[in-house]
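Everything below concerns the one structure shown next.
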Amino acid sequence: MMDGPTERIILTPGPVTTSAVTKRATLRDFTPNEPDLLAFTAEFRRTLVELVNGQGAYVCVPLQGTGNAANEATLGTLVPRDRKLLIVNNGFYGERLKQIAAAIGVPFTAVDLPITEPVGVEQLEAALAAEPSLSHLVVCHVDTGTGLLNPIEPIAALCRRRGVGLIIDAIASFGGLPLDAAALAPEAIVLSPNKWLEGLPGIGLVLVRRTALAASAGRCHSFCLDLHRQWRSFEDHGVWRFTPPGQAIAALVAALHQYVAEGRVARLERVRRNWRCLVDGLRAQGFATVLRDEVASPVIATFHQPADPAYDRQRFFEAMWRQGFVMFRGSLTPFASFRIGCMGAFDQAVMAEVVRAVGRSMAEMGVTDGRPDPRRSRPNSAALRPNHVCRLPALPPPG
Ligand SMILES: *Cc1c(COP(=O)(O)O)cnc(C)c1O
9 MMDGPTERII LTPGPVTTSA VTKRATLRDF TPNEPDLLAF TAEFRRTLVE
59 LVNGQGAYVC VPLQGTGNAA NEATLGTLVP RDRKLLIVNN GFYGERLKQI
109 AAAIGVPFTA VDLPITEPVG VEQLEAALAA EPSLSHLVVC HVDTGTGLLN
159 PIEPIAALCR RRGVGLIIDA IASFGGLPLD AAALAPEAIV LSPNKWLEGL
209 PGIGLVLVRR TALAASAGRC HSFCLDLHRQ WRSFEDHGVW RFTPPGQAIA
259 ALVAALHQYV AEGRVARLER VRRNWRCLVD GLRAQGFATV LRDEVASPVI
309 ATFHQPADPA YDRQRFFEAM WRQGFVMFRG SLTPFASFRI GCMGAFDQAV
359 MAEVVRAVGR SMAEMGVTDG RPDPRRSRPN SAALRPNHVC RLPALPPPG
């Protein structure tokens, strides 16, 4: 049976484990336009713009929904339908951006690359030169399918040089990795409260250049996901357009207070220590990471599945669950892998416990070491295209 502790450490790369202070901030009801909620909204909108040094030129448009909804809203609101979007695809979330653009009728061209290599600026330069109708470029700063880090400064420099609107899916980087809107000059930065910021899910957040937003009236494919309409509601009426997710907003404000007190660099260092502890600890057990360290962000580490025939994916997840850890249950790579997220309100001492729990789980199954099939750990990178998620059946309810 699947018993174990009721409070578990979340090792999925979002949602993440939140602090007790953040959880407590949600223990009340909110009505849509009450002063507390509007003050919270004004505060987080201002703070998020300040965190990217975007005062004056950028506005924060919050949206009821998840990170994907915010990506969809951004593409649908900002890309003119008589122009085209260039999608950088070197991971699961790049593939997802293609699915979104296709579903909402945004014309696009994709640069499809192996999931183990950051995109090179020359490749994008060539793609932009080949198609003058490309008005926007969207890239995942960190592709959370593997943890791959794309170099945002040279991509931003290219977009500025060519007058292309840069949209950054910063959902897995905002709050940890540096993002300076004044220097990068992107058109939009998409983020989520429930990754580096350690808030709750339920709000999609977009920082948009004010002039681009003002020029986007009437463009969005969707009534509910229209960033322009959503923004106008705050501007013209000072309120949310539809029922706001009050508890998620209260949690975000509480999480931002803790974030500002800790500081971005300290948070990055804490998560980096989590990542280092995890990667070193699992390598000592024989496991191999999918990415080489130079291109990996500390958001998450993705490991090849062990070659040992005693390994059983389902039993591994269940053993971790019983020991108090929740792992992501799918594999987002074209070969079998598992991944462990490093963000959330916990530190290296907890990650050291995770490493021991992985060792105990392997011992339970009779797996003697974590080494992958050698053909898999040195894959032909051309074959490494992003894959669709493969999900395991749901876990039975705890207890
Ligand atoms: C988590 C994530 C998303 C999707 O967020 P949801 O809240 O699950 O919709 C999109 N892009 C990236 C890079 C992410 O890490």
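Residue 275 in our numbering is what sits at position 267 of the sequence shown, and the numbering runs on without skipping anything.
Where is the CB? At the ideal position from N, CA and C, for every residue including glycine.
Quick caveat: nothing in here was measured; it's all calculated off a predicted structure.
Query raised in the report: Using CA coordinates, which residue listed in VAL307, ASN97, ARG217 is at the minimum distance from TRP283?
Result: Per the Cα distances, VAL307.
Query - Inter-residue Cα distance where the pair is VAL24 and ASN202 - result: The alpha-carbon atoms of VAL24 and ASN202 are separated by roughly 6 Å.
Report task. Please report how far the alpha carbon of GLY183 lies from the alpha carbon of PRO126, in whole angstroms. Result -> For GLY183 and PRO126, the distance between alpha carbons rounds to 21 Å.
Query - THR297, DSSP secondary structure in three states - result: Judged by DSSP in its simplified three-state form, THR297 adopts strand.
Query raised in the report: Of all the alpha helix (DSSP H) runs that stay within the bounds of the stretch 297–357, which reach a length of 4 or more residues?
Result: The alpha helix (DSSP H) runs lying completely inside the stretch 297–357 and spanning 4 residues or more are 321–330, given in chain order.
**Report entry** ALA5 versus SER224: straight-line alpha-carbon distance, rounded
**Finding:** The structure shown has nothing for residue 5, since the chain only spans 9 to 407.
Query raised in the report: Taking just the CA atoms, how far does THR55 sit from ALA3?
Result: Residue 3 is absent from the structure shown; the chain starts at 9 and stops at 407.
Report task. Determine the DSSP secondary structure at VAL24, reduced to helix, strand or coil. Result -> The answer is coil: DSSP assigns VAL24 none of H, G, I, E or B.
Requested in this report: Taking 9 Å as the cut-off, decide whether the C-beta atoms of GLN313 and ALA344 are in contact.
Outcome: In contact: GLN313 and ALA344 (Cβ atoms closer than 9 Å).
Query raised in the report: Based on the DSSP secondary-structure assignment, which residues constitute the bridge partners of ALA118?
Result: ALA118 pairs with ILE95.
**Report entry** For PHE100 and LEU260, believed in contact at Cβ under 8 Å, the rounded distance
**Finding:** Going by Cβ atoms, the distance from LEU260 to PHE100 rounds to 26 Å, so no, they are not a contact pair.
Query - Per-residue burial, ARG383 [other beta carbons within 10 Å of its own, 16 or more giving buried] - result: Taking a 10 Å sphere around the C-beta of ARG383, we find fewer than 16 other C-beta atoms and assign the residue as exposed.
**Report entry** Straight-line Cα distance separating HIS149 from ILE160
**Finding:** ILE160 and HIS149: Cα-Cα distance of roughly 6 Å.
Query - Nearest-angstrom beta carbon gap, ALA360 and GLY289 [assumed within contact, 8 Å] - result: Beta-carbon to beta-carbon, GLY289 and ALA360 are separated by about 7 Å, close enough to satisfy the 8 Å threshold.
Query raised in the report: Quick one: what does DSSP say HIS229 is sitting in, helix, strand or coil?
Result: Correct three-state label for HIS229: coil.
Query raised in the report: Going along the chain, which residues of its own chain have a beta-carbon closer than 8 Å to the beta-carbon of GLY22, five neighbours each way excluded?
Result: Only GLY75, THR152, ILE179, ALA180, SER200, ASN202, LYS203, PRO209, GLY349, MET351 meet the Cβ criterion.
Requested in this report: Pick out whichever of LEU86, ALA111, ASP188 has its Cα sitting closest to the Cα of LEU145.
Outcome: Selected option, being the one with the closest Cα: LEU86.
Query raised in the report: What residue does the beta strand (DSSP E) around LEU215 start on, and which one ends it?
Result: That run of the beta strand (DSSP E) goes 211–217.
Report task. Check whether the Cβ atoms of VAL216 and VAL67 sit closer than 9 Å, and answer yes or no. Result -> With respect to VAL67, VAL216 sits close: the two C-beta atoms are nearer than 9 Å.
Report task. For ASP177, count neighbouring C-beta atoms within 10 Å of its own C-beta (all shown protein chains included) and say buried if the count is 16 or more, exposed if not. Result -> With 16 or more other CB atoms across the displayed protein chains lying within 10 angstroms of its CB, ASP177 is buried.
Query raised in the report: Does DSSP put LEU403 in a helix, a strand or coil?
Result: With a pLDDT of 45 at LEU403, under the threshold of 50, the modelled position of that residue is not reliable, and no figure is offered here.
Requested in this report: Flag this pair as yes or no: are the beta carbons of THR49 and ILE257 separated by less than 9 Å?
Outcome: Result yes, Cβ atoms of THR49 and ILE257 sit closer than 9 Å.
Query raised in the report: Which one or two residues does DSSP pair with ASP151 in a beta bridge?
Result: Beta-bridge analysis with DSSP links ASP151 to LEU156.
Report task. Give a single yes or no on whether GLY75 has its beta carbon closer than 8 Å to a heavy atom of ligand 1. Result -> GLY75: yes, Cβ under 8 Å from ligand 1.
Query raised in the report: By DSSP, does GLY254 sit in helix, in strand, or in coil?
Result: In the structure shown, GLY254 falls within a helical segment according to DSSP collapsed to helix, strand and coil.
Query raised in the report: Relative to ligand 1, is the shortest distance from any of its heavy atoms to the C-beta of SER339 smaller than 8 Å?
Result: In this structure, ligand 1 has no non-hydrogen atom nearer than 8 Å to the beta-carbon of SER339.
Query raised in the report: What is the DSSP secondary structure of ILE123, counted as helix, strand or coil?
Result: If DSSP states are grouped into helix, strand and coil, ILE123 belongs with coil.
Query raised in the report: If we ignore side chains and look at the alpha-carbon of each, how far apart do TYR267 and PRO253 end up?
Result: C-alpha separation (whole angstroms): 21 Å.
Report task. Give a yes or no on whether the C-beta atoms belonging to ARG91 and TRP329 are separated by under 9 Å. Result -> With contacts defined as CB atoms closer than 9 Å, ARG91 and TRP329 fail to qualify as a contacting pair.
**Report entry** Alpha-carbon to alpha-carbon, ALA309 and GLU243
**Finding:** CA-CA distance, GLU243 to ALA309, rounds to 41 Å.
Query raised in the report: Where does ILE108 fall in DSSP's three states?
Result: In the structure shown, ILE108 sits in a helix (DSSP, three-state: H, G or I).
Query raised in the report: Residue range of the alpha helix (DSSP H) that GLN72 falls in?
Result: Element bounds for GLN72: not the alpha helix (DSSP H) but the beta strand (DSSP E), 66–72.
Query raised in the report: Helix, strand or coil for LEU185 per DSSP?
Result: In the three-state scheme derived from DSSP, where H, G and I count as helix and E and B as strand, LEU185 is classed as strand.
Requested in this report: Ignore the nearest five residues each way along the sequence and tell me which others in LEU233's own chain have a CB closer than 8 Å to its CB.
Outcome: If we look at LEU233 and ignore the five residues flanking it on each side, its Cβ neighbours are LEU71, GLY73, ALA77, GLU80, ALA81, GLY84, THR85.
Query raised in the report: In terms of alpha-carbon separation, which member of PHE311, ASP355, MET370, ARG321 lies closest to GLU277?
Result: When only C-alpha atoms are compared, the closest one is ASP355.
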